[in-house]
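*Asks:* Got a structure here, written out as structure tokens. Questions coming.
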Amino acid sequence: MKPERLVRPLVRALHPYVPGEQPKISGLIKLNTNENPYPPSPKVLRTVKAAVDERLRLYPNPTASLLREKLAQLHRCKPENIIVGNGSDELLALAVRAFVEPRSKSKVESPRSKAAATVQYFTPSYSLYPVLAATHGARTNAVNLAPDFSLPPLASLKKSRTWDFDAALTLITTPNAPSGRGYGTSELEKLCRAQRGIVVLDEAYVDFAKENALALALKFPHVIVARTFSKAYSLCFQRVGCFVAHPVLIEALDKIRDSYNVNGLGQIAALATLDDLPYYRRNFQRVIATRERLSGALRDMGFEVFPSSTNFIFTRPPKLPAQEWLEKLRAKKILVRWFKQPEVRDYLRITIGTDAEADALIRTARQIVGQAR
Ligand SMILES: *Cc1c(COP(=O)(O)O)cnc(C)c1O
């Protein structure tokens, strides 16, 4: 028997999410996956180390209750407004499963059943979204952002007929990835008001932006704000993210998650992080300062650099195709991200590293520009 035949056709046909590389090359300057260049605070490291003992044999707190209480204090809401996940990626997957119907098999589909099976998002945005929809057997509705990566105005979405105001789930990366573009809360609020399904505002990078839309999750029963400890809080390794939303939505997600979805060391690390926020806020300012300096230096060399509200920049390099830049930088041990999708293949996404890493990138880019003359 061919084992392939034992796998569901949907899964056989699935194109999985492709994470950025995590190569183990010594001396590599790793600017490809938007990790924070600064380590967790000394207090977080001490607390995690102190927790590694014979207690590892015990199950962790199944509801992450201490962490949810602390997050609720921070966000001025109740623990019932919060669910914690194994990274926000897990929560995004749970949202698809909790709020979206798999596409119906029957040929005749009513507009209503179509909308109920739709995961909607702008493109380009987080490339995990279509994978989550496909895994669930849901439809996707991908609608282009404006050429400068701004949100299409509500009036034009209404006119276009491609945007679905009844979609069961709309996922908005804000600030946007991979462009880095930030969106104003009032603009997001207008869009949320017009949607009749659930809207997730995926704020993975919001700590590097001027505005956040958390208030919308506490104002509207159909709006969820997604946050993660990964990027801004230097905790990718521990996999901790959360949703803030109406208790009824949180309860629905809670029903379908694994009982012990957040590992114990992750809960401990996240709690200690929340005790040390000034350390992290200083790092946000350092990353923002490096981002602005690097953007300026690259623009001087002829790079087109989009304004960023994140810990990365999105840039169209001069002289050579972006993919060639990727390879030339890699040969100099600088790893950045290039996406082959047609709408973004002319760009590089570069994570903001330390100042020394930015200097190395600037030096290397000057050499490459010089040789390309
Ligand atoms: C990194 C990222 C996430 C997921 O972060 P986790 O590590 O799973 O918490 C979610 N959305 C966007 C847009 C991201 O870039």
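Be aware that the sequence shown starts at 7, since it is given in my numbering, and climbs by one per residue.
Ideal Cβ placement from N, Cα and C applies to all residues, glycine included.
Since the model is a prediction, treat every value here as computed from it, not as a measurement.
Looking at C-alpha atoms only, which residue of Phe312, Leu100, Glu298 and Val205 is the closest neighbour of serine 156?
*Replies:* Phe312
*Asks:* My understanding is that leucine 332 touches valine 342, with C-beta atoms under 8 Å, so please give their C-beta distance in whole angstroms.
*Replies:* 6 Å
*Asks:* Determine the burial state of asparagine 150: buried for a count of at least 16 other Cβ atoms within 10 Å of its Cβ, exposed for fewer.
*Replies:* A residue is called buried once 16 or more other Cβ atoms fall within 10 Å of its Cβ, and asparagine 150, having fewer, is exposed.
*Asks:* Would glycine 93 be called buried (16 or more neighbouring beta carbons within 10 Å of its own) or exposed?
*Replies:* Counting Cβ neighbours within 10 Å, glycine 93 comes out buried, since at least 16 surround it.
*Asks:* Assuming glutamate 96 and asparagine 267 are in contact, meaning their beta carbons sit under 8 Å apart, how far apart are those beta carbons, in whole angstroms?
*Replies:* 6 Å
*Asks:* Might you give, ordered along the chain, the residues of its own chain that have their beta carbon closer than 6 Å to the beta carbon of threonine 179, omitting 5 neighbours on each side?
*Replies:* Within the same chain, threonine 179 has close Cβ partners Ser131, Tyr132 and Asp208.
*Asks:* Going by beta carbon distance, what residues of the same chain come within less than 6 Å of proline 227, once the five residues before and after it are set aside?
*Replies:* By the criterion of a C-beta distance shorter than 6 Å, proline 227 is surrounded in its chain by His252, once the five residues flanking it on both sides are discounted.
*Asks:* Anything with a beta carbon under 5 Å from a heavy atom of ligand 1 counts; list them all in chain order.
*Replies:* Residue list for ligand 1: Gly93, Ser94, Asp95, Tyr132, Thr179, Ala183, Asp208, Ala210, Thr234, Ser236 and Gly247 (CB closer than 5 Å to any heavy atom, chain order).
*Asks:* DSSP puts aspartate 281 in a beta bridge; with which residues?
*Replies:* Note: aspartate 281 sits in no beta bridge, so no partner.
*Asks:* I need the DSSP call for glycine 188, collapsed to helix, strand or coil.
*Replies:* Glycine 188 falls in the coil class under three-state DSSP.
*Asks:* Mind checking lysine 196: buried by the 16 CB within 10 Å criterion, or exposed?
*Replies:* exposed
*Asks:* Buried or exposed: where does valine 13 fall if 16 or more other Cβ atoms within 10 Å of its Cβ makes it buried?
*Replies:* exposed
*Asks:* Report the residue ranges of all beta strand (DSSP E) runs contained in full by the region 210-259; include only those spanning at least 3 residues, in chain order.
*Replies:* 229-234 and 247-250
*Asks:* So proline 200 and leucine 160 are in contact, right, with Cβ under 8 Å, and what is the actual spacing, rounded?
*Replies:* A small correction: the amino acid at residue 200 is alanine; proline does not occupy that position in the sequence shown. That pair is a contact at about 6 Å.
*Asks:* When the Cβ atoms of the region 101-118 are set against those of the region 169-186, are three or more pairs found closer than 8 Å?
*Replies:* yes
*Asks:* Can you tell me where the beta strand (DSSP E) holding glycine 91 begins and where it ends?
*Replies:* 88-91
*Asks:* Buried or exposed, going by whether 16 or more other CB atoms sit within 10 Å of the CB of glutamate 41?
*Replies:* buried
*Asks:* Run the CB neighbour count on alanine 295, radius 10 Å, all protein chains shown included, and call it buried at 16 or more, exposed below.
*Replies:* With fewer than 16 other Cβ atoms within 10 Å, it is exposed.
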